[in-house]
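Enquirer:
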Amino acid sequence: MIEIEKAYEAKKYEDKIYEKWESSGAFKPKIDKKKKPFVISMPPPNATGVLHLGHAVMLALEDIMIRYNRMKGIPSLWIPGTDHASIATQNKVEQLLAQKKITKYDLGREEFLKEVDKFVKNSQSTIRNQIRKMGSSCDWTRERYTLDEGLTAAVQTVFVKMFKDDLIYRGSRIVNWCPRCESTLADDEVDYKESGEKLYWIKYGPFTVATTRPETKLGDTAVAVNPADKRYKKMIGQVFPIKSALGEYNIVVIGDKSVDMEFGSGAVKVTPAHSFADFEMAQRNKEVFKKVGIEPMKEVIDEKGRMKNNCGKYSGMTTKECRRALVEDLEKLGLIEKIEDYTHNLSICYRCGYTIEPLISKQWFINVDKPVIKDGAKKKSIKEKSIEVIKKGEIKIIPEKFNKTYFNWMTNLHDWCISRQIWFGHKIPVWYKMDENSKKEYEKNPEKSRHLLGDKEAICSIEKPDDKNHYVQDPDTLDTWFSSGLWTFSTLGWPNKTEDFEYFHPTSVLETGYDILFFWVARMIIMTEYTLGEVPFKTVYLHGLIRDKNGKKMSKSAGNGIDPLEMIAKYGTDPVRLSLVIGGTPGNDMCLFEEKIAGYRNFVNKIWNASRFALMNVSEEDLKKKFTAVMAKSTADKWILTELNALVKATNVDMEKYNFSEAGTRIYDFIWNNYCDWFLEMSKGEHKNPIVLLHVLKTALKLLHPFIPFVTEKLWELMGEKTMLIAEAWPLEDKNTVFKKEAKDLEEVKEMISKIRSLRSELKVEPAKKINAIIYAGKQVKLLEEKREIIERMARLENLQIEEKGKKIEGAKLITHGTMEIYLPLKDMIDMEKEAKRMKEEMIKKQNIITSIESKLSNKGFVKNAPKELIGKEKERLAKEKTELAKMAENMV
RNA sequence: GGGCGGUUAGCUCAGUUGGUAGAGCGUCUCGUUGACGUCGAGAAGGUCAGAGGUUCGAAUCCUCUACCGCCCACCA
-17 MIEIEKAYEA KKYEDKIYEK WESSGAFKPK IDKKKKPFVI SMPPPNATGV
33 LHLGHAVMLA LEDIMIRYNR MKGIPSLWIP GTDHASIATQ NKVEQLLAQK
83 KITKYDLGRE EFLKEVDKFV KNSQSTIRNQ IRKMGSSCDW TRERYTLDEG
133 LTAAVQTVFV KMFKDDLIYR GSRIVNWCPR CESTLADDEV DYKESGEKLY
183 WIKYGPFTVA TTRPETKLGD TAVAVNPADK RYKKMIGQVF PIKSALGEYN
233 IVVIGDKSVD MEFGSGAVKV TPAHSFADFE MAQRNKEVFK KVGIEPMKEV
283 IDEKGRMKNN CGKYSGMTTK ECRRALVEDL EKLGLIEKIE DYTHNLSICY
333 RCGYTIEPLI SKQWFINVDK PVIKDGAKKK SIKEKSIEVI KKGEIKIIPE
383 KFNKTYFNWM TNLHDWCISR QIWFGHKIPV WYKMDENSKK EYEKNPEKSR
433 HLLGDKEAIC SIEKPDDKNH YVQDPDTLDT WFSSGLWTFS TLGWPNKTED
483 FEYFHPTSVL ETGYDILFFW VARMIIMTEY TLGEVPFKTV YLHGLIRDKN
533 GKKMSKSAGN GIDPLEMIAK YGTDPVRLSL VIGGTPGNDM CLFEEKIAGY
583 RNFVNKIWNA SRFALMNVSE EDLKKKFTAV MAKSTADKWI LTELNALVKA
633 TNVDMEKYNF SEAGTRIYDF IWNNYCDWFL EMSKGEHKNP IVLLHVLKTA
683 LKLLHPFIPF VTEKLWELMG EKTMLIAEAW PLEDKNTVFK KEAKDLEEVK
733 EMISKIRSLR SELKVEPAKK INAIIYAGKQ VKLLEEKREI IERMARLENL
783 QIEEKGKKIE GAKLITHGTM EIYLPLKDMI DMEKEAKRMK EEMIKKQNII
833 TSIESKLSNK GFVKNAPKEL IGKEKERLAK EKTELAKMAE NMV
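Following my numbering, the numbering of the first sequence begins with -17 at its first residue and continues without gaps.
1) I need the DSSP call for T123, collapsed to helix, strand or coil.
2) Taking the alpha carbon of I757 as the reference point, which residue from L806, E429, R778 has its own alpha carbon closest?
3) For the segment 629 to 712, which segments carrying the alpha helix (DSSP H) assignment without a break, of at least 4 residues, lie completely within its bounds, in sequence order?
4) Please report how far the alpha carbon of L434 lies from the alpha carbon of D147, in whole angstroms.
5) Tell me whether V32 sits in a helix, a strand or coil according to DSSP, three-state version.
6) Which partner residues does C442 have in the DSSP bridge list?
7) When you compare each of S736, W122, P568 to L492 by their alpha carbons, which one comes out closest?
8) May I ask you to list the residues that DSSP assigns as paired with H799?
9) Could you say if the segment 196 to 203 and the segment 160 to 172 meet the contact criterion of at least three C-beta pairs nearer than 8 Å?
10) Can you tell me where the beta strand (DSSP E) holding Y186 begins and where it ends?
11) Report the residue from F575, V32, L524, L867 whose alpha carbon sits nearest the alpha carbon of I379.
12) Give me the DSSP bridge partner(s) of I318.
13) Taking H452 as the reference, which of T462, E425, T470 has the closest Cα?
14) For the alpha helix (DSSP H) containing A580, list its first residue and its last residue.
15) Measuring straight from C-alpha to C-alpha, what distance separates K726 and M802?
16) Considering just the uninterrupted stretch of the alpha helix (DSSP H) at L765, what are its terminal residues?
17) Under DSSP, the alpha helix (DSSP H) around T108 begins and ends at which residues?
18) Work out the CA separation of E836 and E576 for me, nearest whole Å.
19) Quick one: what's Y758 bridged to in DSSP?
20) Based on the DSSP output, what are the partners of R49 in its beta bridges?
21) With DSSP as the reference, label F721 as helix, strand or coil.
22) Applying the criterion that 16 or more other CB atoms from any shown protein chain within 10 Å of the CB defines a buried residue, is S840 buried or exposed?
23) Of all the alpha helix (DSSP H) runs that stay within the bounds of the segment 508 to 549, which reach a length of 4 or more residues?
24) Can you give the Cα-Cα distance for L35 and D571, rounded to whole angstroms?
25) Can you tell me which of E285, W502, K(-2) puts its alpha carbon nearest to the alpha carbon of P27?
26) Would you mind working out which of Y553, L527, T555, G554 sits nearest E543, comparing C-alpha positions?
27) Going by DSSP, name the residue or residues bridged to C399.
28) Give the straight-line distance between the Cα atoms of K96 and D169, rounded to the nearest whole angstrom.
29) By Cβ distance below 8 Å, which residues in the same chain neighbour D497 in space, the five residues on each side in sequence not counted?
30) Does DSSP put N327 in a helix, a strand or coil?
31) Using the C-alpha atoms, what's the distance from G702 back to W405?
32) Which two residues bound the contiguous beta strand (DSSP E) that contains P223?
33) Under the rule that 16 or more other beta-carbon atoms within 10 Å means buried, what is S5, buried or exposed?
34) May I ask you to verify whether the segment 270 to 278 touches the segment 128 to 144, counting CB pairs closer than 8 Å and requiring at least 3?
35) Taking K737 as the reference, which of A755, I797, E695, L700 has the closest Cα?
36) Quick check on DSSP: helix, strand or coil for T617?
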């Protein structure tokens, strides 16, 4: 008899257990070249703040995978880390400084970066603690940071390699520009927001054009029409003077298929320097511009979103101010035909929400179409290769539906702009030669002297050029996704040929939310295939977003967010983990609400109490005994062991298929229904077998450990185990513990008890009231005699008479159960009339079932095509239903 | 505009080679039975969005429709 506390108190144990795991070295895999390792690179949380539910679900799922594989004896490595998240972090620090009325320019680059580092160190330690709170069994000795020394070396090495391969180039192109961040953004870093705008119809030489951005009129160099448009066809190639508030200017008419004849007037004003579509049109019509001597690129908006000094009286105005002023002036000139309300999608910065200003800028790009990766005799572009690895199945995405999304994105990928005008990040390893004067000028104000950074004598190298006095490093930093794209191998020590890298790469699974499939997953594939010529991981597991009870996105502003840490404090980590895993399927969003967590807290407590009961019924001696199949004594023992074995088998299949929700649900069900409600209840009588009681429970604890590591570990300890559960071997099938006949017999007994209980309840017999029963058991007399005590206790019977067969008992209620007849003499206790009616209804139901099975079995097609097993089952069932109905009919008379 | 999902019990969702519709929560009726009221026993509740097709048999496969959602593109 061992007694433990009445309820599980997570808070009391969790931190201590985590420390014990960590200090035992269990998180650190042993390199064993004979075994294939299991590796997950943890998606590094941004170094900006705190853990949210997205991280929590990520940590829960990855920990399940890692613990499961570790218990299977596979060297399992889970590398944690953080991402410097250049723009996000810089913005955050800028905001904090703004509260003190300080700008980054007040501090200067160096001082500002010191501030950022301070901030990052602080949030990193917060994040570390939170990852620990979730019970994540990651290897902290290998923790990395995208901006640490080693990773910086990896970033520089890859950049130089790409530069040498001519894959990276610097060029003036139209880019997404955030005037607030004063930086470029990649195409997929642009968000769209529906916004109510005006559509201005402007008289435009011989045309009328419609635009939402009249201020860009100052940068117009053409009007585009569809070459098939009869109205304008003849004008293509001609030059027209256009009246404006700043006097006249010339435009050329170009023909381009992308112009929609139906929209507006069918003629579009073209501002190549400030619109992606216009830029492309100008590219396609280069020759036309050349012929008439018009320079297509007329830049009128600067990096701060203000009108350039070539804009006369509008110079210095913001685009918004300019729009207002210009429209007013055009109205005075009678050039505005009409103004309509119009809704369209505004491009905004995904980090700060500010309106994007497309403009021409000199930036670094990665050419995604250049054939550069050797593949046999051919060379393939990084784009082609990245598509191929998914097509060939070298990388498997779960769920598969994302393959299509991935292909679509990858196919339409344009050259990737990788330079950012952000201070915080990896500096670009390119050096520009300058004479002394230029250098002085540049250093005085780098922001305004970018034009001095000439390409001609630029050097790309990690080291500063020898002649360092004449070189200035590129002031830009790299897109944060450039470094996170290298994450799976840079964290393993690459570019050094470390043992870790050789052994652990490629990694096994990349688990993350589907929302960063493009941002990160796709870029990892690109970068890794290019750099190493291998995949970064073999499986991509994508989880869904966590939403609130009404399916709404959780957000601070909506106030519907759930803080995982608060929930952990209230209910413990284990329930939070379960609530994030069970009920979720890969790639699908999942709702989370507090009641759900509370429900799993109940489950955790249930396991605790089942263990409490088991421990109360075993001796210290029992704890030391080792279970073997021969220790199974009773039918109940054999039944639960058979069920347990089926559970182990099914769980293994689910775990291998990444069906964690189903695996979790199944174990939950086993513990609660099979183990607690039946086996434990049965064990309260004569048939007690402490060894089986313990063995089944301990096996279930092992299966549950990846899901709810804390409570299972604690119970493991309480069961007298000296080694930790985290390092225990994963349960495997044991055919010696399968007892088909006994399992089936016990199911019969269970079913019988249920039927008696059900009838009692329907007839409103008080639960406490003991009643008599006579069972004609046929061949099952022996079984029922063995289980007599259990049946009596669980069905609340006073006097149980078991016979092989006998006569109908007048005035007693009959329950038919296959060939068995159970009579309950309840005459005095029930309303016989009502009961007769109920009985009739039941018989009709039975008759319907019989009819439906009969028609199925007389269907030639069914008999011919259905599997034999199924036909056998149906026949068996028909016989059973028929027997039962006959008995009922007999009893009615 | 292009693509992808979803629609199953009052609510949140499972349902993996097509073979008698499931869970949790909620509801109702009982219950102080040797662990657990963070509990137990029992019950009610579903023409699986709609229409057609394939099949002996469809929630499951195909086609169409409706509604909801997401992603990509971005038309001035």
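Even glycine gets a Cβ: it sits at the ideal position worked out from N, Cα and C.
Expert: With the structure as the only source:
1) Reduced to three states, the DSSP call for T123 is helix.
2) Of the candidates L806, E429, R778, the residue whose Cα lies closest to the Cα of I757 is L806.
3) List check, alpha helix (DSSP H) in window: 642 to 651, 672 to 686, 691 to 700.
4) The straight-line gap from Cα to Cα measures roughly 26 Å.
5) V32: coil per DSSP, three-state reduction.
6) BP columns for C442 point to V412.
7) In terms of CA proximity to L492, P568 leads the group S736, W122, P568.
8) In the DSSP assignment, the residues bridged to H799 are M802.
9) The answer is no - the segment 160 to 172 does not touch the segment 196 to 203, with fewer than three Cβ pairs under 8 Å.
10) Where Y186 is concerned, the enclosing beta strand (DSSP E) starts and stops at 172 to 186.
11) Considering only alpha carbons, the answer is L524.
12) I318 is bridged to I184.
13) Closest by C-alpha distance to H452, out of T462, E425, T470, is E425.
14) Where A580 is concerned, the enclosing alpha helix (DSSP H) stretches over 576 to 598.
15) Per the coordinates, the alpha-carbon of K726 lies some 15 Å from the alpha-carbon of M802.
16) Per DSSP, the continuous alpha helix (DSSP H) segment holding L765 begins and ends at 763 to 768.
17) For T108, the enclosing alpha helix (DSSP H) has its first and last residue at 86 to 115.
18) Computed Cα separation, rounded: 49 Å.
19) The partner list for Y758 (beta bridge, DSSP) reads E785, E803.
20) Looking at the DSSP assignment, R49 forms no beta bridge with any residue, so it has no partner.
21) Three-state DSSP puts F721 in coil, outside helix and strand.
22) Its Cβ having fewer than 16 others within 10 Å, S840 is exposed.
23) Counting whole runs of 4 or more residues, the segment 508 to 549 contains no alpha helix (DSSP H) stretch at all.
24) When rounded, the distance between both Cα atoms is 12 Å.
25) Ranking E285, W502, K(-2) by Cα distance to P27 puts W502 first.
26) For the sequence presented, residue 543 should be read as Gly rather than Glu. The shortest Cα separation from G543 among Y553, L527, T555, G554 belongs to L527.
27) DSSP output for C399 lists F347 as bridge partner(s).
28) Answer to the nearest angstrom: the Cα atoms are 30 Å apart.
29) Result list for D497: L527, in chain order.
30) In the structure shown, N327 sits in a strand (DSSP, three-state: E or B).
31) Going from the Cα of W405 to the Cα of G702 covers about 57 Å.
32) Per DSSP, P223 is one residue of the beta strand (DSSP E) stretching across 221 to 224.
33) Counting Cβ neighbours within 10 Å, S5 comes out exposed, since fewer than 16 surround it.
34) Contact fails: fewer than three Cβ-Cβ distances are below 8 Å.
35) The residue with the shortest Cα to Cα distance from K737 is I797.
36) DSSP, reduced to helix, strand and coil, places T617 within a helical segment of the structure shown.
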